[in-house]
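This report refers to the structure that appears directly beneath it.
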Amino acid sequence: QQQVKQSPQSLIVQKGGISIINCAYENTAFDYFPWYQQFPGKGPALLIAIRPDVSEKKEGRFTISFNKSAKQFSLHIMDSQPGDSATYFCAVSGGTSYGKLTFGQGTILTVHP
Amino acid sequence: GAGVSQSPSNKVTEKGKDVELRCDPISGHTALYWYRQSLGQGLEFLIYFQGNSAPDKSGLPSDRFSAERTGGSVSTLTIQRTQQEDSAVYLCASQGAREQYFGPGTRLTVT
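For the protein sequence lines, the chains are B and L, in the order given.
If you use our numbering, the first sequence corresponds to residues 5 to 117, in order.
If you use our numbering, the second sequence corresponds to residues 73 to 183, in order.
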């Protein structure tokens with residue numbers, strides 16, 4: 005059973021555009037929703053995270069939107085830059101799984117100059 | 073400050089050999105996780121340590137895999153009698169309040 009479904013698998017955006025990646029989860033006990041950014045040959049780097057008591061969190065050009073009733077959350081990258089080209093993973097944790105992260109399948113983002 | 077470090081960065085081994093992968097977490101972090109990243113399976117949880125104890129080993133794929141942590145710090149993941157399907161990137165993460173910080177990983181190739 006796939007606990008986290010991430011879409012799209014790949015995304016191509018022009019420089020200056022908005023990149024949107026979506027994740028859906030099953031277990032309502034999850035209470036921590038991070039996004040990770042990974043460059044080739046590197047480990048995942050924490051980008052931004054949200055708890056279910058807020059519907060949106062913004063850090064610079066990165067925003068998480070959270071819809072508790074729909075069990076969905078998304079990452080928005082405003083003014084996308086070529087340096088944002090990377091693989092993005094959503095993840096969930098909480099409930100009985102303490103801090104263990106369950107990841108989405110990843111989205112390969114390419115930002116064209 | 074120093075992040076999570078892992079060694080070696082790359083390891084090529086022959087099928088049937090044993091390998092040890094090392095993780096040095098961020099100082100003071102009591103929770104430590106091992107994950108595996110492969111093309112077909114994405115990022116998978118392997119094992120969780122709280123201090124030197126491993127309350128959750130449910131992600132270890134087989135009894136060829138084991139891990140330990142000493143002094144509440146360094147952790148070692150051991151794979152015995154390696155198989156080609158063990159080829160993957162092995163990632164270690166240490167946890168602060170809730171955030172997990174990943175090391176650069178060890179790329180294991182079994183020939």
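Note that beta-carbon positions come from the ideal geometry of N, C-alpha and C, so glycine has one too.
Keep in mind it's a predicted model, so treat the numbers as computed, not measured.
Under 9 Å Cβ-Cβ, which residues of chain L neighbour Gly110 (chain B)? What Gly110 (chain B) touches in chain L: Gly114, Leu115.
Could you work out which residue in L:Thr183, L:Arg179, L:Ala165, L:Val182 is closest to Thr102 (chain L) when comparing CA atoms only? The option with the nearest alpha carbon to Thr102 (chain L) is L:Ala165.
Using only the alpha-carbon positions, how far apart do Gln42 (chain B) and Gly88 (chain L) sit? The C-alpha of Gln42 (chain B) lies about 31 Å from the C-alpha of Gly88 (chain L).
Name the DSSP bridge partner or partners of Thr150 (chain L)? Looking at the DSSP assignment, Thr150 (chain L) forms a beta bridge with L:Glu92, L:Ser138.
Decide if the segment 77 to 91 of chain B is in contact with the segment 107 to 126 of chain L; the criterion is three or more beta carbon pairs, one per stretch, under 8 Å apart. Touching, no.
C-beta neighbour in chain L for Gly64 (chain B), strict 7 Å: It does not: the Cβ of Gly64 (chain B) has no partner Cβ on chain L nearer than 7 Å.
Below 9 Å on C-beta distance, what does Lys9 (chain B) contact in chain L? Under a criterion of Cβ atoms nearer than 9 Å, no residue of chain L is adjacent to Lys9 (chain B); the nearest Cβ is some 12 Å distant.
Examine chain L for any beta-carbon lying closer than 7 Å to the beta-carbon of Pro56 (chain B), and answer yes or no. So, not an interface residue.
Since Leu163 (chain L) meets chain B, which of its residues come closer than 7 Å, beta carbon to beta carbon? In chain order: Gly47.
Does chain B have any CB closer than 7 Å to the CB of Gly177 (chain L)? Yes - at least one Cβ of chain B is within 7 Å of the one on Gly177 (chain L).
Extent of the continuous beta strand (DSSP E) to which Phe117 (chain L) belongs: Run containing Phe117 (chain L): 114 to 122, per the beta strand (DSSP E) assignment.
In or out: Val84 (chain L) buried (at least 16 other Cβ within 10 Å) or exposed? Flag for Val84 (chain L) reads exposed.
Which listed residue (L:Arg136, L:Glu171, L:Ser145) has its alpha carbon closest to that of Asn124 (chain L): Nearest of L:Arg136, L:Glu171, L:Ser145 to Asn124 (chain L), Cα basis: L:Ser145.
CB contact check: Arg170 (chain L) to chain B, cutoff 7 Å: At least one CB atom of chain B sits nearer than 7 Å to the CB of Arg170 (chain L).
Taking 7 Å as the threshold (C-beta atoms), are Gly99 (chain B) and Ala33 (chain B) in contact? Contact: yes.
Distance, Cα to Cα, Thr181 (chain L) vs Ser147 (chain L)? So the two alpha carbons sit approximately 20 Å from each other.
Reducing DSSP to helix, strand and coil, say where Glu30 (chain B) ends up. Residue state, collapsed to three classes: coil.
CB Ala136 (chain L) to CB Phe121 (chain L), shorter than 7 Å? One point to set straight first is that residue 136 (chain L) is Arg, not Ala, in the sequence displayed. Taking 7 Å as the Cβ cut-off, Arg136 (chain L) and Phe121 (chain L) do not qualify as a contacting pair.
Go to Pro127 (chain L), then tell me how far its beta strand (DSSP E) extends in each direction, as first and last residue. From DSSP, the beta strand (DSSP E) with Pro127 (chain L) extends over 125 to 128.
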